Amino acid sequence: MIIVIIRHGETPQNLRGVFQGQSDPDLDDVGKERFKEIGRLLKDEQWDAIYSSNYKRSVASADFLTADVQVPRFISTEFTERHLGVLDGGVKASLLAADPDLSEKLMTLDYAPFKGELGSLALARFVRGIRTVATEHFGRVVIVSHGGIVALFAHFVLGLPRTSCFLEHGHALVLSISGSEMSLVGMNLPPDALVFNLPDYGS
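So the sequence shown is numbered by my numbering: it starts at 808 and just counts up by one.
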């Protein structure tokens, strides 16, 4: 089967350059328009379901897709962003100036921000969610998720270098699953490239 993981649309916090983990802002106008366009691009393809995390930025993004791609819609907490504890809402530039190794720490499995989520636990729940989707569907599924958790998955499960693991807003990671095997089909694909490179249904 094929799973397409798309990063949610932009929020005001993204534009301000702050860490956004467990905080729950709405999409801004750019994020809304982006996912309306993605829905229009995806509607002529065959899909089984659309999933999102339970955070508003992910839910709203997926709802814009479902307006055009009329398939079953699911919300799963397995796909939420990593809980960043005290880092959440902090200005990235300031926090990185105080701790130049912070970005690298966040891409390890044995680090947890104070009151935050251990990398290994965040990754484990995300993979568990992917496996659950793969057992319940056959053809193609969209999952709208978050940049940090997808980066951990891309690095530690798919083997991508840390510098190539982050999705831009509205861009996609395309995953092929056969039994227990996961393989990368495409990374950080913009919507038009996603449609052009989408594997056949049932492949």
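Glycine included, each C-beta is placed from N, C-alpha and C at the ideal position.
Owing to the predicted nature of the structure, the values given are computational and were not obtained by experimental measurement.
Exercise. Should V893 go down as buried or exposed, given a rule of 16 or more other Cβ atoms within 10 Å for buried?
Worked result: V893 comes out exposed.
Exercise. Which of helix, strand or coil does DSSP assign to V992?
Worked result: Three-state result, V992: strand.
Exercise. Candidates F921, S927, E988 and G986: which alpha carbon is nearest D895's?
Worked result: Scanning F921, S927, E988 and G986 for the CA closest to the CA of D895 turns up F921.
Exercise. Considering only the beta carbon of each residue, do V964 and M989 sit closer than 8 Å?
Worked result: Yes. Within cutoff.
Exercise. To which residues of the same chain is M914 closer than 8 Å at the C-beta, ignoring the five residues directly before and after it?
Worked result: So the qualifying residues of the chain are G926, A958, L959, H962, R969 and C972.
Problem set entry | E885 versus D831, V878, E852 and V951, residue with shortest Cα-Cα distance | Per the Cα distances, V951.
Exercise. For the segment 856-865 against the segment 826-837, are there 3 or more C-beta pairs whose distance is under 8 Å?
Worked result: The segment 856-865 vs the segment 826-837: in contact.
Problem set entry | Beta-carbon contacts of L996 that lie in its chain and below 7 Å, excluding the five residues immediately before and after | H978, A979, V981 and N1004, listed in sequence order.
Exercise. What residue range is occupied by the uninterrupted beta strand (DSSP E) comprising F933?
Worked result: Taken as a continuous stretch (DSSP letters only), F933 belongs to no beta strand (DSSP E), being part of the alpha helix (DSSP H) at G926 to E943.
Exercise. Within the 8 Å Cβ cut-off, does K899 reach chain B?
Worked result: The structure shown contains no chain B, having only a single protein chain.
Problem set entry | Integer Cβ distance of L974 from R814, believed to fall under 8 Å | L974 to R814, Cβ: 4 Å. Contact.
Exercise. Run through DSSP, which three-state label would R864 get?
Worked result: In the displayed model, R864 falls within a helix according to three-state DSSP.
Problem set entry | Boundaries (first-last residue) of the beta strand (DSSP E) holding S985 | In the DSSP assignment, S985 falls within the beta strand (DSSP E) that extends over A979 to S985.
Exercise. Per DSSP, what kind of secondary structure is F921 in: helix, strand or coil?
Worked result: In the structure shown, F921 sits in coil (DSSP, three-state: anything other than H, G, I, E or B).
Exercise. To the nearest angstrom, how far is it from the Cα of F881 to the Cα of V898?
Worked result: Answer to the nearest angstrom: the Cα atoms are 32 Å apart.
Exercise. Apart from the five residues just before and just after A929, which ones in its own chain have a Cβ nearer than 7 Å to its Cβ?
Worked result: R889, I956 and L959.
Exercise. Between Y858 and V992, is the Cβ-Cβ spacing less than 8 Å?
Worked result: No, they are not a contact pair.
Exercise. If we ignore side chains and look at the alpha-carbon of each, how far apart do D1014 and I809 end up?
Worked result: Nothing about residue 1014 can be reported from this structure: the residues present for the chain run from 808 to 1010 only.
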